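See structure below.
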Amino acid sequence: MQPTPEQSPHHAYPDHWEADVVLRDGGTARIRPITTDDAERLVSFYEQVSDESKYYRFFAPYPRLSAKDVHRFTHHDYVDRVGLAVTVGGEFIATVRYDRIDATGRPASAPADEAEVAFLVQDAHQGRGVASALLEHIAAVARERGIRRFAAEVLPANNKMIKVFRDAGYTQQRSFEDGSVHLTLDLEPTAESLAVQRAREQRAEARSVQRLIAPGSVAVIGTGRNPGGVGRTVLRNLLAAGFTGRTYAVNSALAADQATIDGVPAHRSIGEISEPVDLAVVAVPADRVPEAVTDCGEHGVQGLVVLSAGYAEWGAEGRERQRELVRQARSYGMRIIGPNAFGVINNSDTVRLNASLAPESPAPGRIGLFTQSGAIGIALLSGLYRRGAGLSTFISAGNRADISGNDFLQYWYEDPDTDVALLYLESIGNPRKFTRLARRTAATKPVVVVKGARHSGSTPPGHAVPVSRIPDATVSALMRQAGVIRVDTVTEMVDAGLLLADQPLPAGPRIAILGNSESLGLLTYDACLAEGLRPRPPRDLTTAATPQDFRDALAEALADSNCDAVVVTAIPWVGENGEAESGDGEVLAAALRTAAATGPAKPVAVVHVEIGGLAEALAAATSTAAVPPVARASAPAAPDASAAPARRTAPPTAQAAPPAAPSVPTTPGDGPTQQRSDTDPGDTPAVPVLGRIPAYPAAERAVRALAEAVKYAQWRRQAAVPGKVPEFLDDTIDEVGAAARIDALLGPDPDPRGRSLGHDEACELLGRYGITVRPTLPAPDPDAAVAAAARLGYPVALKTTAPHLRHRADLGGVRLDLANEAALRRAYGELTDLLGKPTELQPVVQSMAPRGVDTVVRATIDPAAGAVLSFGLAGAPSELLGDTAHRLVPATDRDAAELIRFIRAAPVLFGWRGSAPVDSAALEELLLRVSRLVDDHPEVVSVALEPVVVATQGLTVLGASVRLAPSPARTDLGPRRLPNY
Numbered sequence: 011m012q013p014t015p016e017q018s019p020h021h022a023y024p025d026h027w028e029a030d031v032v033l034r035d036g037g038t039a040r041i042r043p044i045t046t047d048d049a050e051r052l053v054s055f056y057e058q059v060s061d062e063s064k065y066y067r068f069f070a071p072y073p074r075l076s077a078k079d080v081h082r083f084t085h086h087d088y089v090d091r092v093g094l095a096v097t098v099g100g101e102f103i104a105t106v107r108y109d110r111i112d113a114t115g116r117p118a119s120a121p122a123d124e125a126e127v128a129f130l131v132q133d134a135h136q137g138r139g140v141a142s143a144l145l146e147h148i149a150a151v152a153r154e155r156g157i158r159r160f161a162a163e164v165l166p167a168n169n170k171m172i173k174v175f176r177d178a179g180y181t182q183q184r185s186f187e188d189g190s191v192h193l194t195l196d197l198e199p200t201a202e203s204l205a206v207q208r209a210r211e212q213r214a215e216a217r218s219v220q221r222l223i224a225p226g227s228v229a230v231i232g233t234g235r236n237p238g239g240v241g242r243t244v245l246r247n248l249l250a251a252g253f254t255g256r257t258y259a260v261n262s263a264l265a266a267d268q269a270t271i272d273g274v275p276a277h278r279s280i281g282e283i284s285e286p287v288d289l290a291v292v293a294v295p296a297d298r299v300p301e302a303v304t305d306c307g308e309h310g311v312q313g314l315v316v317l318s319a320g321y322a323e324w325g326a327e328g329r330e331r332q333r334e335l336v337r338q339a340r341s342y343g344m345r346i347i348g349p350n351a352f353g354v355i356n357n358s359d360t361v362r363l364n365a366s367l368a369p370e371s372p373a374p375g376r377i378g379l380f381t382q383s384g385a386i387g388i389a390l391l392s393g394l395y396r397r398g399a400g401l402s403t404f405i406s407a408g409n410r411a412d413i414s415g416n417d418f419l420q421y422w423y424e425d426p427d428t429d430v431a432l433l434y435l436e437s438i439g440n441p442r443k444f445t446r447l448a449r450r451t452a453a454t455k456p457v458v459v460v461k462g463a464r465h466s467g468s469t470p471p472g473h474a475v476p477v478s479r480i481p482d483a484t485v486s487a488l489m490r491q492a493g494v495i496r497v498d499t500v501t502e503m504v505d506a507g508l509l510l511a512d513q514p515l516p517a518g519p520r521i522a523i524l525g526n527s528e529s530l531g532l533l534t535y536d537a538c539l540a541e542g543l544r545p546r547p548p549r550d551l552t553t554a555a556t557p558q559d560f561r562d563a564l565a566e567a568l569a570d571s572n573c574d575a576v577v578v579t580a581i582p583w584v585g586e587n588g589e590a591e592s593g594d595g596e597v598l599a600a601a602l603r604t605a606a607a608t609g610p611a612k613p614v615a616v617v618h619v620e621i622g623g624l625a626e627a628l629a630a631a632t633s634t635a636a637v638p639p640v641a642r643a644s645a646p647a648a649p650d651a652s653a654a655p656a657r658r659t660a661p662p663t664a665q666a667a668p669p670a671a672p673s674v675p676t677t678p679g680d681g682p683t684q685q686r687s688d689t690d691p692g693d694t695p696a697v698p699v700l701g702r703i704p705a706y707p708a709a710e711r712a713v714r715a716l717a718e719a720v721k722y723a724q725w726r727r728q729a730a731v732p733g734k735v736p737e738f739l740d741d742t743i744d745e746v747g748a749a750a751r752i753d754a755l756l757g758p759d760p761d762p763r764g765r766s767l768g769h770d771e772a773c774e775l776l777g778r779y780g781i782t783v784r785p786t787l788p789a790p791d792p793d794a795a796v797a798a799a800a801r802l803g804y805p806v807a808l809k810t811t812a813p814h815l816r817h818r819a820d821l822g823g824v825r826l827d828l829a830n831e832a833a834l835r836r837a838y839g840e841l842t843d844l845l846g847k848p849t850e851l852q853p854v855v856q857s858m859a860p861r862g863v864d865t866v867v868r869a870t871i872d873p874a875a876g877a878v879l880s881f882g883l884a885g886a887p888s889e890l891l892g893d894t895a896h897r898l899v900p901a902t903d904r905d906a907a908e909l910i911r912f913i914r915a916a917p918v919l920f921g922w923r924g925s926a927p928v929d930s931a932a933l934e935e936l937l938l939r940v941s942r943l944v945d946d947h948p949e950v951v952s953v954a955l956e957p958v959v960v961a962t963q964g965l966t967v968l969g970a971s972v973r974l975a976p977s978p979a980r981t982d983l984g985p986r987r988l989p990n991y
C-alpha cells in the first residue's frame with residue numbers, strides 16, 4: 011500500500027517494514043505502516059474496541075476518534091512519527107505508534123533518540139500475542155531511525171500491557187508517577203530479548219503446524235462426483251485412515267439434491283457448512299483456487315493443503331500466481347502446505363489424518379518425515395513400509411511456498427510422538443534459521459537430512475530462495491556443526507532413521523561383530539574401518555550356529571564393557587541334514603530381540619543374506635509381558651513373534667551418553683513429559699520392551715548408519731557443554747574504532763558491490779582486532795629492495811604481489827631466506843628475468859618469519875548461509891584437494907579447536923613424523939579474532955589471511971586481504987517475520 015504525495019514528500023513509503031507474522035495461536039497476520047488511505051479502516055477498528063481498552067489507551071473515556079485524531083494517526087513522516095497496523099482480511103486488529111520526543115517529553119526530531127510508544131489491540135484479538143509481535147517490529151523500525159529508547163505511560167490496572175513490556179527481554183526501568191506506571195525500554199537487543207523472541211517464534215510456528223496436521227474437521231474442496239480424481243482420492247484416504255474429526259466434501263457443481271459423497275456430507279461451498287472447518291484440502295484447477303481460498307478465508311478456515319499444480323513450477327506466470335496465493339491466504343490468517351503438494355499424514359491415535367494421495371497410510375511410529383518432492387515422498391513411504399517402519403507425521407510440501415522444513419523442525423522439537431526427524435530438502439529458504447533450529451532440535455532428537463539439487467547450480471522449479479555460493483562440502487560441514495546428520499541418498503536416510511528411531515545411541519566407536527559367516531564378518535570389519543569406527547575382530551559362530559547360539563553371543567557382546575555397539579551378520583544356517591535352512595527367520599529374530607532387550611542398552615544392527623522373514627520379524631516390536639520372577643532370573647524364553655506391537659516412548663540413550671534436554675512444555679504450566687510404566691507398582695515386574703532391530707541387506711549400509719549414530723552421539727555429548735567466545739578478547743579489541751574506520755572506508759554513498767581494501771587499510775583494520783600482519787615494503791627496483799631490507803633487517807623474503815603469482819612459490823614468485831644484499835640483488839634479477847618486469851610483478855620485501863607450517867584462514871559472507879569461517883593448510887591441500895574445515899560465525903572456542911583438527915592434514919600441525927607440534931592455542935585465538943571481526947561488523951564480507959605461518963611458539967600473518975560492502979540484512983536477528991518467496 012503506497013502513500014499519497016501528501017503522506018510524506020521527503021520520506022518514501024518503507025515497504026520493507028511490511029511483514030507477515032505468525033501469532034501465538036498459529037494464525038497469521040500482516041504488519042504494515044499506516045498510510046493516509048487508512049482513515050476508514052482506523053475508524054472502523056476503533057469502533058470495535060471496548061470502552062475499557064480505550065480508557066487504558068487514552069487514560070480517559072474516549073468513545074470515538076475526532077477528525078483531528080484520525081488525521082494525526084494516519085499521517086506520518088516515517089522518521090519521527092511512525093504508525094504500524096496489524097491486519098487480518100485487510101482490516102485493522104491492532105495499532106502501535108511512536109512519536110520522537112526530547113528530554114522534556116516534547117515532540118522532537120533527530121538527534122533526539124527517545125520516543126513515546128502506545129499500543130491498541132482489539133479485544134477480540136487480545137491474548138494472541140499481537141502486541142508482542144508489534145513491539146518487536148516497532149522497536150526494529152525505531153532502531154533503524156536512530157531511536158534508542160521507548161518511553162510508555164501505562165495505567166496500573168492495564169496488566170496485559172505491562173506484561174508485554176516486562177516480558178520483552180529489553181533492559182528497562184520502571185517508576186510510578188502521577189497515577190501511572192512510567193516505563194523506559196532500551197531498544198538494543200539483548201541475549202534475553204533474542205531468547206524471548208525465538209521462544210515465541212517457536213511456539214507460534216509449532217502451533218501453526220499443529221493447526222494443519224491435527225484439525226478437528228477437514229473439507230476436501232474439489233471432491234469429484236464420480237469415483238477417481240485427486241479430490242475423491244483424498245476423501246477416500248481420509249475415510250480409510252479413520253480420521254477422528256468431521257469430514258466434508260465440497261464441490262461447486264453438486265446437484266441441489268446431492269447431500270453426500272461416499273457417505274460424507276457434501277456441500278457446494280465452505281459457506282454452506284454450518285460447523286467450523288479447520289483444514290481445507292484444495293484439489294481444484296489453479297484458476298479456481300483463488301475463489302476457494304476466499305471462501306475458506308471468509309468462513310474461518312485455519313489452514314490449507316493445496317494439491318493443485320500450475321504454480322511456480324510452470325514458470326514466471328505460475329510464480330506470480332503462487333505469490334498471490336500466499337498473499338491471499340495470509341491475509342485471512344491461514345497458512346499453506348503447497349501448492350503442488352502431495353499431502354499430509356498424522357498417525358496420532360487422537361487424529362488419524364491421511365489428507366494425502368498416498369495409496370497406503372504408513373503404520374504409526376516415531377519418525378517424522380518432511381519432503382519437498384511428491385515422487386521422493388512416495389518412494390520413502392514405500393521403503394519405510396517395506397521395512398516395517400512407522401511414522402508419526404508425513405508432509406510432502408511441494409513448492410513449499412509457505413510452510414517449510416523450518417516450521418516442522420519447530421513442531422517436532424516438542425512433539426512427544428516424534429523421536430527422529432527425516433527431511434528431504436531441495437532448497438533451504440532461510441539457511442541461518444534452519445541451522446539454528448536444527449541445532450536446537452538435534453540436541454534432543456536426531457535430524458537426518460538429504461539435500462537434493464546439490465550440484466545443479468540452480469534453484470529447483472517452484473522454489474525462490476537465496477542462491478548459495480559456497481560448495482556443497484561446506485554446506486555439509488556447517489550442517490554437521492549444527493548436529494544435523496547429512497546423508498547423500500534417501501536410502502541412507504532411511505537406513506539411519508531406522509537405527510536412530512529404534513536403538514539407543516552408542517557410547518563410542520567400539521564395534522563388536524558376530525555371525526555365522528566369516529566372509530560377511532570380514533566385510534563388516536572392513537566397512538567399520540572405512541567409516542572411522544573401531545571394530546573388534548569378528549566372532550565366527552560357524553554356519554552350524556543356532557538361534558540360541560546367536561542369542562548367547564549377542565548377550566555376551568552387549569555385556570562386554572569394551573563394546574559400544576554390535577553388528578550381527580547372518581546367512582541361512584545349515585540344518586542337521588546338511589541343507590541350508592532359510593525359513594526360520596522369525597525364530598532368529600526372537601532370539602536376537604530377547605538378548606537385546608535383556609542386555610545393557612547398546613545399539614544392535616543386523617546384516618542378513620536371504621533369510622526369509624528375518625527383516626520383517628525384527629521390525630515388529632512386542633509388548634511388555636509380565637513373567638514370574640523365576641523365569642526372569644534365568645534366560646527368558648523367546649517371545650511370541652506374533653505379539654501385539656508396542657510404541658516406545660523415546661529412543662533410549664546409551665549409558666555413557668548425556669541425558670537429553672528436558673521436554674519443552676506444549677502449553678504454559680505443563681511440565682516435562684514423564685514416562686509411565688504399563689504396570690501398577692503392585693504388579694509383577696515386566697520384561698523390557700522387545701523393540702525393533704533394524705536389518706540391512708548389505709554390511710556397508712548397516713555400518714554407515716551406525717557410524718552416523720556414533721558421530722551424532724559424540725556431537726550430543728559435546729553439545730551438552732557448549733563452547734564460548736573467550737572474554738579476554740574483549741580487552742584487546744577496538745570494536746568502536748573499527749566501526750568508525752569501516753564507515754569512513756565505505757564513505758557516505760557506498761558502492762553496493764563493495765570495495766577491496768588496500769594493504770595498509772587492511773592491516774590497520776585487522777590491527778584493531780589484535781591481528782598483526784607482518785610489514786611489507788614495496789620494491790619497484792633493486793635499490794628500493796635493498797633499502798627495504800636494510801629497514802626491516804635480514805634475512806628477508808622477496809615476493810611478487812601480482813594477482814596471478816600471489817602465493818605461488820611453485821612458479822618462482824617467492825624467494826626466501828635472503829641473508830644479505832648480494833643474495834637479494836641476485837634474487838631480484840632472477841625474478842624479473844624469469845617472470846617479467848617489476849611493474850608487472852609488483853615485488854615487495856618482507857622480513858622472514860620463524861619456521862612453521864603454512865596455513866590459511868578465511869571468512870566470507872554467503873548470501874544464503876551467512877558468515878562462514880574456514881581453515882586449511884596453504885597451497886595444494888586446501889586449493890587442490892579441498893581439505894578445508896568450515897564453521898558458522900560466531901565461532902566458539904570449541905569451534906576453533908575443531909577447525910584445526912577437522913582437516914585431513916591436521917597431523918602436520920601436531921607432530922607428524924617427529925616434527926615439533928605448532929602453537930595450536932595461538933592459531934585458535936587467531937580464528938576467534940577473525941570470527942569476532944566478521945560477526946561484529948557485517949560490512950566485512952571477506953577476510954583472507956594467507957599464509958599464516960604457525961611456529962612452535964606463536965604465529966605470523968604474512969599476507970592479508972579484506973573486502974567491505976554495505977551491511978546485508980540480518981533476517982535472523984530482526985523481528986519475527988515469514989519469508990516472502
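For the sequence shown, the working numbering assigns the number 11 to the initial residue and increments by one for each residue that follows. The C-beta atom is built at its ideal place from N, Cα and C for all residues, glycine as well. Just so you know, these numbers come straight off a predicted model, no measurement behind them.
With burial defined as no fewer than 16 other Cβ atoms inside 10 Å of the residue's Cβ, what is the status of residue i: buried or exposed?
i: Ala29; result: buried
i: His135; result: buried
i: His147; result: buried
i: Glu198; result: exposed
i: Leu988; result: buried
i: Glu949; result: buried
i: Arg778; result: buried
i: Trp725; result: buried
Using 7 Å as the limit for Cβ to Cβ distance, is residue i near chain D?
i: Arg138; result: Of the chains in the structure shown, none is chain D; there is only one protein chain.
I'd like to confirm the pairing. Which residues does DSSP put opposite residue i in its beta bridges?
i: Glu323; result: Answer is none; Glu323 lacks a bridge partner.
i: His277; result: Val260
i: Pro788; result: Val854
i: Ile871; result: Ala877
Helix, strand or coil for residue i? Go by DSSP, reduced to three states.
i: Asn830; result: coil
i: Asp285; result: This sequence places Glu at residue 285; Asp is not what is there. Note: Glu285 maps to coil in three-state DSSP.
i: Glu187; result: strand
i: Lys170; result: helix
i: Gln318; result: The sequence shown places Ser at residue 318, not Gln. In this structure, Ser318 counts as coil in the three-state DSSP scheme.
i: Gly400; result: coil
Over what stretch of residues does the alpha helix (DSSP H) that includes residue i continue unbroken?
i: His896; result: Run containing His896: none in the alpha helix (DSSP H); it sits in the beta strand (DSSP E), 894–898.
i: Phe83; result: 77–84
i: Val151; result: 140–154
i: Gly415; result: 415–423
Need the endpoints of the beta strand (DSSP E) that residue i sits in, please.
i: Gln856; result: 854–857
i: Asn356; result: 353–356
i: Asp905; result: Segment 903–912 is the alpha helix (DSSP H) holding Asp905; no beta strand (DSSP E) there.
i: Ala229; result: 227–231
Please look up how many angstroms separate the CB atoms of residue i and residue j, rounded, as I've assumed it's under 8 Å.
i: Arg546; j: Ala563; result: Between Ala563 and Arg546 the Cβ distance is about 13 Å, and since that is not below 8 Å, they are no contact.
i: Leu938; j: Ala907; result: Going by Cβ atoms, the distance from Leu938 to Ala907 rounds to 10 Å, so no, they are not a contact pair.
i: Ala431; j: Trp422; result: 5 Å
i: Gln312; j: Arg221; result: 5 Å
i: Ile913; j: Ala895; result: 5 Å
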